[in-house]
Each structure stands twice: as C-alpha cells, then as structure tokens.
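Heads up, the sequence shown is in the UniProt record's numbering, so the first residue is 1 and it goes up one at a time. Here a beta-carbon is modelled for each residue, glycine too, at the ideal position from N, C-alpha and C.
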Amino acid sequence: MESAPPCSSTLEEDDDAQMLHRLATSGPGKTDIEFVDRNLRFSSRFDSGNMANVQQTESGAFHVHLAEDAAAFGISTGYSTWFYFEIEKGAENNNSKKTIITQQKQEIQLVLTNMNPQRGETPANFMLDGMLQLLLHPTDESAIALRRQFVFKIIPMLNPDGVCGGFYRTDSRGVNLNRVYEDPQSDLAPTVFALKELILELVSIYDSIDSTAAQKNMVYLDLHAHSNRRGCFVYGNNHLPDASEGTNSKAMEADIARQVQTQLYARLVGLHTPFFDYMACAFDKDNMSRHDLRDNDNATTSRQGSSRVALYRATGLTYVYTIECNYNEGRRTLRSSSSPPTIPVSTSAGAPKHRSSSKGPSKHQQLDKRLLPRQAVPKSGLHLYLKFSPAEWKDVGIGALVALLDLFELPGAGDKLEKSPFRSRDGIEKNILAEIRATMSGGDGKVHQQKSRQVGKSKS
C-alpha cells in the first residue's frame, strides 16, 4: 500500500518556513565578521538582525553599520532600525558566551519595565507613554543622562492572547498571568516563562563579574493600574528578618540597609512627580504572601506568584517594584472652589518660573523648548480629591525614570532633591531608617513585622 503524498498545505507551510529562515539568516543585514586579533566575532544571522558591516579603528574601537529597513526585500527606505547584533568572544570555543547588543552604551544600570498583562489597565499604558516620551526626547537633560547611563529592556505586553480576546485580567485560559511567576511553564505561560528566563540570564551575567552586581544595579518595574486604592504608589518587597530572629546581628543591619534602599527609590519618585504618593506605598511582608479572593473563583493563588515577589525571591534583587496608578483620583485633597487647568513645567532645574512678556523669545523660553513639558498640580479644584487624566499618569512614568538618576547618584536629575525638606540623599536615608526602626520596635524593645502605612485592599 502506497503512502499518501503530502498535502499541498504542508508543502506550502514548509516553503514558507524555509523562506522565513532564509530571510532571517541571509541577505542584507545578515552577516558574520571576525576579528582574529581581538578574538571577537560579530554576527547578525538571526531574526531581526540588521548589521551591515563592522570596522575596527586604529584606537581599537568598533564602528557598527546597520542595514536599511526592508533591504532584504530589495527596497531602499533610507531608514535603519535599532542595533541588533551578536558579539561572541572566543569564536572557536563552542561554549563561549554570547551577548545580544541592543544599544551601543555601557551597561551601568539596567531597568526592566514590564507592562501589565491586563487589557483594561490603561493608566499603565500612559505611564509607559510618559517613560517613552522622556527617553526619546532629543534635548532634555534628564533624557540624555538616562540614555547615557542606563540600558532599558521594555516589554510592552505579556498577554497578547488575553488582550486580543478583550479580557481584563486573564489569558485565553482564564489564568491571571501575574500569579504564575514562581514556576511558569513554557507551554502554558510562554511570555512569563521567557521573561523570567531573561531576567535570570541577565542576573547571571552581572554576577559573573561581582556576586552583588545585579543586586546593586538592576531595577525591575511592573506597571499596573488600581481600581480601589487612591493615588499612584508602589508595592515593594520587605527584606527585614522575621520577628523570631535576633536584633543585633550584622545580617539584620544588612537587611535594614537593603530595606532603606528599597524605600529610597519610592521617596525619590515622590520628589520628581507630585502625583506619586509615598505615604500610600506598601512594603510589608503580609503583602508578599496575601491570598487572592477574586481570582479564579476564590482560588488559592497569592502574591507569592506575582512578578514582584517571585522575581525578587528568585534573584535577590533589591529594586523590584509594582507601580500602581488609580483609574480615577489621587489622595491629595483640593480645598478651593475653582479648578484651573494644569500647566506644563520642565523636567530639569533651571526652568523659568515666569515667562517674558516681550514679543521676541527670551533665553528662558528658548531653554524651555529643550526640556520635556511636565504636568503641574492645580492649586485648587472642584473635587475633594485630585482627578487623574492621562497627563498625570504620564508624569508618574517620567518621574519614575528621573528618580533613577538620584537613586544611583548620577547627574541630570535637576535640583528637586536639594530643594526638598531632606536636602540630600543622605537626609532621606536617615528619615527612612528612623521610620523602619520605629515600625520594627513597638516600644517594648522587641522586633515586630513592618506593617503597611495604609490598610486597604490591594491586588498586585
């Protein structure tokens, strides 16, 4: 009995696969270049690779040239996309490590921004919009400093199937993806699995240089929206020991120092955007393990499976946060009867407080054009609480990035820190340390669990 010939659809699929593989590995932008004297190999023979050529200068630097968009299809566009190539050290060694380069900058700090997996959390979309507006601004001082000092890995969506179906909180299987980070399965939650693998790989690369390098230099931000807790705030992790442990050990002092650093970032965000409320933030242990009541018909899922908690426990990173923005309003009280529109202000120090009334543009006005406009809080309003709009959410995203410059003591953040009541980073750290010690000790000399400053329902 003769076997049936392969169906035409299978042959067509094979042809399509071969064509896609050919486009991904050959043609303009897909090349291999070796520098034997430096024991380096540059390659872009993979999907999205766009390296056209590499030249080594007399000083030992490398100039990487990119292929134009759509060059593989014989189309000249004049445009080239992001750097995407691979550098392999020790090309003759099959076990050598490879690094994917997506930006020609020195990796000093790394920020991972993980977009919310839910379709309905539009405030998170606008937070990310604000971040992108700042990062892409050509002349803003803070934007330039961020691009120079950081490498950003931005993941815009982790739940495309759920979004396509119009779901609010789950994927196509009805599972809340922000509860499966402890043990994500590649076949059931491939996006979460890939994200966790990426972070673990980046941590291992950092730690191959210094065992604490990742802990000191990596930041993870998970953007979300909140429906019942007012304001914009973060959920952070708690590094403090349990009450049963001793109070005088060096380990405890190290844990307290890490807790200070965790809360320091939240304080700094509050300095760089008036719409972020530090007093609404939560860093308690209970919020790292609280069970969900609504997900999956009162299932036993808990925040231990959230990206914030699970990735912290898997990596030991200090700076791991969920940033939340309320859909509607903040906690700030507006007491006056009128509500003028919010006005733009600049990101950096040196922006004018008053505009010139002359016909020609003043030096202040020319300076202002080089800075990213920011949103200011209205001095009065018709509502008891400040009402949020996309402008406020975007400003939180901007402030969250500018705060990184102060967190790592880098230039470009302006003078908000110096003009604050704390006067300096050291002043904030002392204030947070006093807050933590007061919370740990109930006045009886015993160690107590750190509690959240505000009791209320939360979900991330």
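- Look at Y265 here: in three-state DSSP terms it is helix.
- In the structure shown, the three-state DSSP call for L158 is coil.
- A buried status is given to G397, since no fewer than 16 other beta-carbon atoms sit within 10 Å of its beta-carbon.
- Annotated three-state conformation of R331 is strand, per DSSP.
- In the pairwise beta carbon analysis, the region 275 to 283 is classified as touching the region 223 to 236: at least three pairs are separated by under 8 Å.
- Around the Cβ of T57, a 10 Å sphere holds fewer than 16 other Cβ atoms; the residue is exposed.
- Positions of the beta strand (DSSP E) runs, each at least 3 residues long and wholly inside the region 164 to 252, are given as 218 to 226 and 232 to 236 in order along the chain.
- One thing to note: Y220 has its Cβ no nearer than 8 Å to the Cβ of A310.
- Per DSSP, S43 is one residue of the beta strand (DSSP E) stretching across L40 to S43.
- S306 sits in coil when the DSSP states are folded into three classes, being neither helix nor strand.
- Closest in alpha carbon position to D415, among L317, H272, A254 and N326, is H272.
- Across the structure, K285 and R313 are spaced so that their CA atoms are roughly 13 Å apart.
- Going by beta carbons, V192 and L202 fall outside the 8 Å limit.
- Restricting attention to K430, S289, D395 and A194, the CA atom closest to the CA of L134 is found in D395.
- For N53, the uninterrupted beta strand (DSSP E) segment begins and ends at M51 to Q56.
- According to the DSSP assignment, N431 belongs to the alpha helix (DSSP H) that extends over R425 to M440.
- Distance from the CA of E324 to the CA of V269, rounded to the nearest whole angstrom, comes to 13 Å.
- Across the structure, R169 and R179 are spaced so that their CA atoms are roughly 11 Å apart.
- Within the DSSP bridge table, the entry for T322 names D222 and Y235 as partners.
- Note on P373: 16 or more other CB atoms within 10 angstroms of its CB, so buried under the neighbour-count rule.
- Annotated three-state conformation of R374 is strand, per DSSP.
- For F85, no alpha helix (DSSP H) segment is defined; the enclosing uninterrupted segment is the beta strand (DSSP E) at F85 to K89.
- For E392, the three-state secondary structure derived from DSSP is helix.
- Assignment of K416 by DSSP, reduced to helix, strand and coil, places it in the helix class.
- The region 127 to 143 and the region 397 to 408 touch, with three or more beta-carbon pairs separated by less than 8 Å.
- DSSP, read as helix, strand or coil, puts L404 in helix.
- Under the DSSP assignment, D129 falls in the alpha helix (DSSP H) whose first and last residues are T122 to L135.
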